[in-house]
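Down below is the structure, laid out as structure tokens.
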Amino acid sequence: MVAGEKRKIVQTMMILLVGLVCCVAFADTVQMRLTSAVERCLTILIPSLYAMMILAQCLTATGVWKIVACPLRTLCQKLLHLPNGCFALFLLSQIAGYPVGAGMLRNLYENDTLSKRDAERLLCVCYGSGPAFLLGLIRQQPYRYRLFGVMLFSQIFANFLLLVLQLHRCPIQLRKDADIKLQALSATMLVEATANAGKSLLLLCGIVLIFSGACGVCDAFGIFQLLEQITISCGITVPIKVLWESVFEVTYAVQLALPFAIEIPMLTGLLAFGGLCVMMQVRVAAGEIFSVKRFFACRIFAAILSAGICRLAMLPFYWAEDTTTYQSTIQPMIPVVNQSGIFPACMLIMMTVLLLLEVWEK
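274 is the number of the first residue of the sequence shown in our numbering; add one for each residue after it.
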């Protein structure tokens, strides 16, 4: 065993031992954080992402995703210099949730449709919270659909500008045309899509729990409190503790309590960044096409850009009045579990119909 491998093994052992000691020494704090994380998973992640992830899996399995942007084919090829299907993938990644675009790009790289460099560049922009996750965060807010439109458009437009900048001098080139055969949706596809989406969502929730535990350890050591005291001593009233927690795990952003004109752009920027927790999930989904430096730099730029678009362009457009008028209407973003049984009933009916059709064909 070479010296470099021994050093890595020793470092791994030290990290694991420190983690074990912290989990025992700060059991109460870690347990409290994990309890809160489980609640966020049950009230935000699973209700908002599961249905969209199933739909994305079905779009991928049937090949329908490629024809989504057919009406915009001329714009994509002449103005953006994007090959057929790539703009459809970009649009789908903006509405399906963070890890969906990464998984699809990995498939295109592994079947030799995209080069590694092109896949890495597209991965930086095929990344978004999606409307379902966003609505899950602002579920109880007044003017929720205005907020939804402002925040979602700001994120998508920032990714679009970043896409244009990346393709300005070096367009994406397909090594071979991705000839995807369209298929009809079947009961087997739906069951497989449900299982795959469940696995991905379980992994995402697990990573959320890991980062929440790490935040609990930092909280026990007083790291976040120290940063907050430093900012207060500098005359900054921004809740730095919540901001740092959101950088680690983005669902902490629901605890932001700021004036309207600051909170909404800041939340938009945090969602565009996604947090280290989401990035780890994307890293797993992307595999070899994940470039840490490129991806991290692009997402910081996209976060700043989306926050700026939200504050300077979108908020004045949606609110003609002074935004301070709405400060009293913004409530803490505490999610609740939706008790409606409409979606489960619809999914049950859909599965029943597909199963009957499968039996009828046989």
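Ideal placement from N, C-alpha and C gives every residue a C-beta, glycine not left out.
With distances taken between CA atoms, R394 lies nearest to F363 out of F363, L410 and S485.
By the neighbour-count definition (other C-beta atoms within 10 Å, threshold 16), L455 is an exposed residue. Going by C-alpha positions, G401 is about 10 Å away from V551.
The Cβ atoms of S519 and L500 do not sit closer than 9 Å to each other. Distance check between L531 and each of V515, V523 and E522 places V515 closest, using alpha-carbon atoms only. Rounded to the nearest angstrom, the gap between the Cα atoms of R572 and S579 is 10 Å. DSSP places C571 inside the alpha helix (DSSP H), whose first and last residues are V565 to I582. Contact between the segment 310 to 330 and the segment 458 to 471 is present, with at least three C-beta pairs closer than 8 Å. For D385, no alpha helix (DSSP H) run applies, since DSSP gives it neither H nor E.
The Cβ-Cβ distance between D492 and R313 does not fall below 9 Å.
Judged by DSSP in its simplified three-state form, V511 adopts coil rather than helix or strand. In the pairwise beta carbon analysis, the segment 521 to 529 is classified as not touching the segment 561 to 571: fewer than three pairs are separated by under 8 Å. Of the residues assessed, S427 falls on the buried side of the cut-off, its CB having 16 or more other CB atoms within 10 angstroms. Our two residues, L381 and A324, have alpha carbons roughly 24 Å apart in a direct line.
Under the three-state reduction of DSSP, G401 is assigned to coil, being neither helix nor strand.
The C-beta of G508 has fewer than 16 other C-beta atoms within 10 Å across all chains shown, which makes the residue exposed.
The beta-carbon separation of G409 and S321, rounded to 3 Å, stays under the 8 Å limit for a contact.
Your pair I319 and L474 checks out as a contact, with CB atoms roughly 6 Å apart and the cut at 8 Å. Apart from the 5 residues on each side of it in sequence, I535 has no Cβ closer than 6 Å to any other Cβ in its chain.
In the same chain as I562, and ignoring 5 residues on each side of it, the C-beta atoms closer than 7 Å to its own belong to L378, R379, Y382, K389, A392, E393 and L396, in chain order.
DSSP, reduced to helix, strand and coil, places P538 within a helical segment of the structure shown.
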